[in-house]
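One structure is given below, encoded as structure tokens.
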Amino acid sequence: MATMPMRKLTMARAISEAIGQEMARDSNVLVWGEDVGIYGGIFGATQGLFERFGPERVVDTPISESAFIGAAIGASQEGLRPVVELMFVDFFGVAMDQIYNHLAKNHYMSGGSVRHPVVLMTAIGGGYSDAAQHSQSLYGLFAHVPGLKVVVPSNAYDAKGLMTAAIRDDNPVMYFFHKGLLGLGWMPSDDLAEVHVPEDPYTIPLGQAQVVLEGKDVSVITIGAMVPKAVRAARTLAQEGVSVEVVDLRTLVPLDRDRVIHSVKKTHGALIVDEDYRSFGMTGEIAAVVAEEALDYLDRPIRRLAVPDVPIPYSPVLEQAVIPSVEKITETLRQMTQ
Amino acid sequence: MATMPMRKLTMARAISEAIGQEMARDSNVLVWGEDVGIYGGIFGATQGLFERFGPERVVDTPISESAFIGAAIGASQEGLRPVVELMFVDFFGVAMDQIYNHLAKNHYMSGGSVRHPVVLMTAIGGGYSDAAQHSQSLYGLFAHVPGLKVVVPSNAYDAKGLMTAAIRDDNPVMYFFHKGLLGLGWMPSDDLAEVHVPEDPYTIPLGQAQVVLEGKDVSVITIGAMVPKAVRAARTLAQEGVSVEVVDLRTLVPLDRDRVIHSVKKTHGALIVDEDYRSFGMTGEIAAVVAEEALDYLDRPIRRLAVPDVPIPYSPVLEQAVIPSVEKITETLRQMTQ
Amino acid sequence: MDNDVMMYRTMCLIRRYEDCMAEIYTEGKTPLFSIAAGTVPGEMHLAAGQEPVAVGVIRHLRSDDAVTAPHRPHHFAIAKGVDLGRMTAEIFGRRTGLSQGKGGHMHLFDPQTHFSCSGIVGAGFPPAVGAALAFMKQGRDNVAVAFAGEGAANQGTFHESLNLAALWKAPVVFVIEDNHYAISVPKAQSTAISHNSERAQAYSIPGVYVSGNDVLAISEAAQEAVTRARQGHGPTLLEVETTRLYGHFQGDAEAYLNAGEKESWRQWDPIRRFRAELMDRQMLSEEQDERIQAAVNQQVDDAVRFARESHEPEADEALRDVFAEA
Amino acid sequence: MDNDVMMYRTMCLIRRYEDCMAEIYTEGKTPLFSIAAGTVPGEMHLAAGQEPVAVGVIRHLRSDDAVTAPHRPHHFAIAKGVDLGRMTAEIFGRRTGLSQGKGGHMHLFDPQTHFSCSGIVGAGFPPAVGAALAFMKQGRDNVAVAFAGEGAANQGTFHESLNLAALWKAPVVFVIEDNHYAISVPKAQSTAISHNSERAQAYSIPGVYVSGNDVLAISEAAQEAVTRARQGHGPTLLEVETTRLYGHFQGDAEAYLNAGEKESWRQWDPIRRFRAELMDRQMLSEEQDERIQAAVNQQVDDAVRFARESHEPEADEALRDVFAEA
Ligand SMILES: Cc1ncc(C[n+]2csc(CCOP(=O)(O)OP(=O)(O)O)c2C)c(N)n1
Ligand SMILES: Cc1ncc(C[n+]2csc(CCOP(=O)(O)OP(=O)(O)O)c2C)c(N)n1
Ligand SMILES: [Mg+2]
Ligand SMILES: [Mg+2]
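Chains as they are written, first to last, in the working numbering: chain A, 1 to 338; chain B, 1001 to 1338; chain C, 2001 to 2326; chain D, 3001 to 3326.
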């Protein structure tokens, strides 16, 4: 099959396509998790895989996250390359010990002799009133503990390339897909995430940020679902004569410090936008990187926009008040560039 | 009993004294956890309490952290004020869901109708070769998720006052004691932590940093076991004519931003020192606060010293290489003030 | 009103409530279904068909006994006596809601009736043990009941909590609602034993299986368990067979169900059966039933009206209630 | 050498190793005990007295069968055939160690013998199920064994893993070493059932209790369990009674023990008993035993010498191995 010049895919399809291609390529790639089989994953990340590869390779699990995530540890040690789904990142707390004390650290604790080629993928993000236990981002927390690569795609093209790279990586990779980018139909989705995706497998190296919009007046450093929001804000401001650069980090670990610093040195201003909680997370880290390495280039204080350290509330009014919006990004950039 | 003018206590005794006094004061204060009874807590934080209050109020639990930490949720809803010990913070991953999805969020999710006056105390810190699963600090992670107060005392006086305040607080408080400050005898302990502790109960409000050493050339912002290390570094530098201000944050949530900003505005330089992992944690957050609010006052880049994003290695040589030392702090400050 | 008829009435109230929620849930979500839109946004897990579990157990509880419920909580909340108006307002995300709109359908908290719930599977077990511990320590003869689905019985918290409760002889009743599925995963694919009640053996406590989704049988088993707990003899594990008449959540296409499965559940409707039984036993007349239906309809209508007429919260409310003030 | 004598020999090797570690552990820690100081810093959990568990089970394993061990891992590692020199060097924190000094005594990893361990109680259950899953998927007839203490059997992972393994009929053997205590907490205060083996019923798998810390009885039970797993009949839960001859960790004053408890364990020393039995059965002579003792002493001495002569790692090594390179 030839790749069509403009084959647009939703991010959900891009992810399942990447997994399917890697499963076809390597019989050691298996998928397991809750409702990943017939259901195809609650958010469609494993759609079609059960039909194609059967119950031997696409396995529904009980609601036993410690056991089935922990199983990926032993399984990968013995040669499998599991892709495991944690349905919502919000549930990490029932399995965190297996994730961070073992999956993340065994390579180091073994002096490099043990490898865990595991992808742990999980849904993040709010915006549809799923409240405090089903709407979080939390990748900052996984980026804080050493040993996990942290991937957060913002569009279908990146989603496929990063998933393929994640599966081929010999390290545990946490892969976070934002529900509001997946193109699910039954949930609002930013159509900027639905882009051309080549049919052939390709990889995007983990650790490379991307400037998705060049600008010269101020930099927005962001990730995931905030990338299209930042782009929309930048477009509005372009009409006002303000030139905004948008940097999509794409991965938090490894972190592409150079790209961040380079951008800030160019624009002399940084707004960091995140859907994770504001304090002790991604926005702090990026601010620190800038303050360490580009302080003299800054001509105004660094600004941060993120969830203001409150759990995600249920009511749409309240939720919209705490998740950074295009309007809030636009307004903040306007303030910064006046 | 009259308070002696200079009654020095180890931090471990100060903690158990505070708990004991609150237990005497309020019959709803109970203690539970692993080996908190006859053993007195592996790190002595509950020493003497079992003898004094008996097994009805000082309860040894099975190794079921989710259940016994989660039990504090229902118990506090029904009127108890539990002080629960998680033996090492490193084990948080087996119980994190109860901690952060429930204990931390129920107050918010209930619109304020549910309260959880719970102290979850836990041991942190390395420096004695307990390796990757028993040496971490990790408070940055708890400070990232909303709803938990985060307390990290650096000496016995603060330890008592902060514990008393924590028990009387109507919110869940994570109380982190550093093993290397406790004065245990069988483990190296910084004797700067063993200070005068009044016998009568007193509280230190959560959310107030303290300038433990006034200075004018550069600020060290730090917490926990890094406070005495910073003080030692400052003393060395004083002899070289460099005046270092040491700010002990004491709590990360609430964070005393004002005290941090005030200090940096005065000294025009900030070194942030932490025993937690460097990235996406405390050092990033403090740097961001400074970059947001005191950027124009900085006359050199912010610097950070923390565990360089590696698990804590076992060998003393390796461990000493990753945990910030007095020497490293001294040297960094020297570089910053030259 | 007779106890059995009271139970029937509560079951009807729950059913009416769930049917009504199912309808309201679609408001604003057509023609294209969007989970984020409408009067009630977000996920919606309805418990129609599972009324006997809630009603049969909770009739033995007092208002100061504690209940922890899972993500599918309406039937438990209603049986426990949570104010229907404030509960509905919460589900509508209104200021007058139990949590002023901060919690939503999976986070109904009511200190007055000692009712809590959580959207995390298996998370209600430990808090129930904790509530029971508080009762013991305070010398109260209250009881705590943790309800959870059969899927939840494979969470680590199930094991830890049963062990802890058994060890401490805590006054808890653990109730597993077996509705055959955890989302799309049938019990046989998640559970290595045919009856969760047998897991009680692992903690030397009684385990009781109640088949048939029959409110009287459930009530009988629950009575024994609650009494046992209240009298200081420790926990019981109850497993109750039931059926889920809607999908896992609203919008679930239920492609994973076997052919005819849903129909057979519908035919086995516990309310219809109980109604027939009560009529057989001459405890309920058509006329009385009509009055009951009218009354529960009214109750639900009132609650819905209250919710509809309530205001949305103000945006800046979002920043409050992270911490309690002193 | 006869199988039983081989087992005896391995038990002696383990005992000698643990006694030697106990001694070395004190080096540099006197006169004032400091956990951080000496040849071997950090915690040290010794398994003297528990040799029969490791030896009785692992004799039925191949080198490519997987073992996950807990914080008290030496006996398992030795029985599994982990290189004694590299293991000792790791415990000494040396560059030639299994993990080049990064892991230490609770983190012994040896891909060659498929051996792993963890300092987190109960953490070894899920990885063992995962290893078994890999064996099934790859069509290998290997087996995974998860060892853990009786304290670990109250962790959520125990329940989740047994259920998962039973459900998948995975080739795993779960072995609970019941040494009566979890640090200071006696089993009766942590476990609501007298025998963990009975918890197997909760997963419809066989549960076997072996009393008496008797290597032959353990070996017999293990043989059946391992064979069952290897032949594709799924998991078994083995519970083995044993005794801990040192404290929980070195430096533990054991104030929580009952009077005479430790002495009775000492008198019931499994090695001494097995030795007497072998001699009774004419399978071991004094002379042979002396040769065995000399040989194991030599083996331990060699390992210790290797470790002592090895270099400490370079400080900058600390920054390596967080991630594997491609
Ligand atoms: C820890 C955790 N894992 C997964 C989920 C996602 N989830 C929500 S409900 C559900 C199924 C629950 O099944 P069961 O316990 O049988 O209750 P039922 O929905 O059938 O009432 C799942 C998997 C969750 N909320 N929490
Ligand atoms: C999750 C977790 N909780 C607590 C601990 C602290 N801890 C280490 S060993 C131990 C006791 C373990 O008892 P058991 O499983 O019976 O093994 P034993 O020490 O008796 O061999 C405890 C509580 C830990 N390492 N991990
Ligand atoms: Mg169910
Ligand atoms: Mg034990």
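Glycine residues also receive a C-beta, built at the ideal position from the N, C-alpha and C atoms. Quick caveat, the model's predicted, so the values are computed rather than measured.
In terms of residue numbering, what span does the beta strand (DSSP E) encompassing residue i cover?
i                 : result
Pro82 (chain A)   : Arg81 to Phe88
Gly1033 (chain B) : Val1029 to Gly1033
Met1174 (chain B) : Val1173 to His1178
Leu103 (chain A)  : Element bounds for Leu103 (chain A): n/a, residue is neither H nor E.
Met121 (chain A)  : Val119 to Ile124
Val1307 (chain B) : Arg1303 to Val1307
Ala14 (chain A)   : That residue, Ala14 (chain A), is in no beta strand (DSSP E); its alpha helix (DSSP H) goes Met11 to Arg25.
Thr2236 (chain C) : Thr2236 to Glu2241
My guess is that residue i and residue j are in contact by the Cβ rule of under 8 Å, so how many angstroms apart are they, rounded?
i                 : j                 : result
Gln1077 (chain B) : Ser2116 (chain C) : 7 Å
Gly2327 (chain C) : Ala2148 (chain C) : Residue 2327 (chain C) is absent from the model: chain C starts at 2001 and stops at 2326.
Thr3243 (chain D) : Trp3268 (chain D) : 7 Å
Met2011 (chain C) : Phe2306 (chain C) : Not a contact, Cβ separation roughly 22 Å.
Gln3155 (chain D) : Gly3122 (chain D) : 3 Å
Val1029 (chain B) : Glu1085 (chain B) : About 14 Å separates the two Cβ atoms, so there is no contact after all.
Ala288 (chain A)  : Ala1288 (chain B) : 6 Å
Gly70 (chain A)   : Gln98 (chain A)   : 4 Å
Asp60 (chain A)   : Val2185 (chain C) : 5 Å
Thr3068 (chain D) : Ala3128 (chain D) : 5 Å
Specify, as a first and last residue, the run of the alpha helix (DSSP H) that residue i falls within.
i                 : result
Ala1071 (chain B) : Glu1065 to Gln1077
Gly60 (chain A)   : Sequence inspection shows Asp at residue 60 (chain A); the Gly mentioned does not correspond to that position. Per DSSP, Asp60 (chain A) belongs to no alpha helix (DSSP H); it is in the beta strand (DSSP E), Val58 to Asp60.
Phe1053 (chain B) : Leu1049 to Phe1053
Ala3089 (chain D) : Leu3084 to Ile3091
(message) Restricting to runs no shorter than 3 residues, where is the beta strand (DSSP E) found entirely within the region 3020 to 3075 of chain D?
(response) 3066 to 3069
(request) Quick one: which residues of the region 1066 to 1083 of chain B get their C-beta closer than 9 Å to a C-beta of chain C? List them in chain order. (result) Ser1066, Ala1067, Phe1068, Ile1069, Gly1070, Ala1071, Ala1072, Ile1073, Gly1074, Ala1075, Ser1076, Gln1077, Glu1078, Gly1079, Leu1080 and Pro1082
(request) Spell out a yes or no on whether the region 2209 to 2224 of chain C and the region 3203 to 3210 of chain D are touching, meaning 3 or more CB-CB pairs, one atom from each, closer than 8 Å. (result) no
(request) State whether the region 1175 to 1186 of chain B contacts the region 1153 to 1164 of chain B, with contact taken as three or more CB pairs (one from each stretch) at a distance under 8 Å. (result) yes
(request) Mind checking the region 2014 to 2038 of chain C against chain A and listing, in chain order, the residues whose C-beta falls within less than 7 Å of any C-beta there? (result) Phe2033, Ser2034, Ile2035 and Ala2036
(message) At 4 residues or longer, what runs of the alpha helix (DSSP H) sit wholly inside the region 3125 to 3174 of chain D?
(response) 3125 to 3137 and 3156 to 3168
(request) Answer yes if the region 2113 to 2132 of chain C comes into contact with the region 1071 to 1085 of chain B, meaning at least three C-beta pairs across the two stretches below 8 Å, and no otherwise. (result) yes
(message) Going residue by residue through the region 3175 to 3216 of chain D, where are the continuous beta strand (DSSP E) segments of at least 3 residues, counting only ones entirely within it?
(response) 3207 to 3210
(request) May I have a chain-ordered list of the alpha helix (DSSP H) segments no shorter than 4 residues that lie completely inside the region 3253 to 3292 of chain D? (result) 3261 to 3267 and 3270 to 3280
(request) For the region 325 to 338 of chain A and the region 221 to 234 of chain A, state whether three or more C-beta atom pairs, one from each stretch, are separated by less than 8 Å. (result) yes
(request) Could you name the residues of the region 1137 to 1154 of chain B whose beta carbon sits closer than 7 Å to any beta carbon of chain A, in the order they occur along the chain? (result) Gly1140, Leu1141, Ala1143, His1144, Val1145, Pro1146 and Gly1147
(message) My parser needs the beta strand (DSSP E) runs of 3 or more residues fully inside the region 131 to 178 of chain A; what are they?
(response) 149 to 151 and 173 to 178
(message) Any C-beta of chain D within less than 8 Å: which residues of the region 2139 to 2163 of chain C qualify?
(response) Asn2154, Gln2155, Gly2156, Thr2157, Phe2158, His2159, Glu2160, Leu2162 and Asn2163
(request) Residues of the region 270 to 288 of chain A with a CB closer than 9 Å to any CB of chain C: list them in chain order, please. (result) none
(request) Just list the beta strand (DSSP E) runs in the region 1233 to 1263 of chain B, keeping only unbroken ones of 3 residues or longer that don't cross its boundaries, in chain order. (result) 1244 to 1248 and 1251 to 1253
(message) At a CB distance below 8 Å, what residues from the region 3173 to 3202 of chain D approach chain B? Give them in sequence order.
(response) Ala3182, Ile3183, Ser3184, Val3185, Gln3189, Ser3190 and Thr3191
(message) I'd like to know if the region 2298 to 2312 of chain C and the region 2087 to 2099 of chain C are in contact, where contact means that at least 3 CB-CB pairs between them fall below 8 Å.
(response) yes
(request) Mind the definition here: the region 241 to 257 of chain A touches the region 102 to 119 of chain A only if three or more C-beta pairs lie below 8 Å; say whether that holds. (result) no
(message) Under 8 Å, CB to CB, which of the residues in the region 97 to 126 of chain A have a partner in chain D?
(response) Asp97, Gln98, Asn101, His102, Asn106, His107, Tyr108, Met109, Ser110, Gly111, Gly112, Ser113, Val114 and Arg115
(request) May I ask you to list, following chain order, the residues of the region 196 to 219 of chain A that have a beta carbon less than 9 Å from some beta carbon of chain B? (result) none
(request) Could you say if the region 1116 to 1126 of chain B and the region 2174 to 2183 of chain C meet the contact criterion of at least three C-beta pairs nearer than 8 Å? (result) no
(request) Would you check if there are 3 or more beta carbon pairs closer than 8 Å linking the region 1246 to 1254 of chain B to the region 1190 to 1199 of chain B? (result) no
(message) Taking beta-carbon pairs under 7 Å, can you tell me which members of the region 2090 to 2123 of chain C lie near chain D?
(response) none
(message) Tell me which residues of the region 3226 to 3242 of chain D have at least one Cβ-Cβ distance to chain A shorter than 7 Å, keeping chain order.
(response) none
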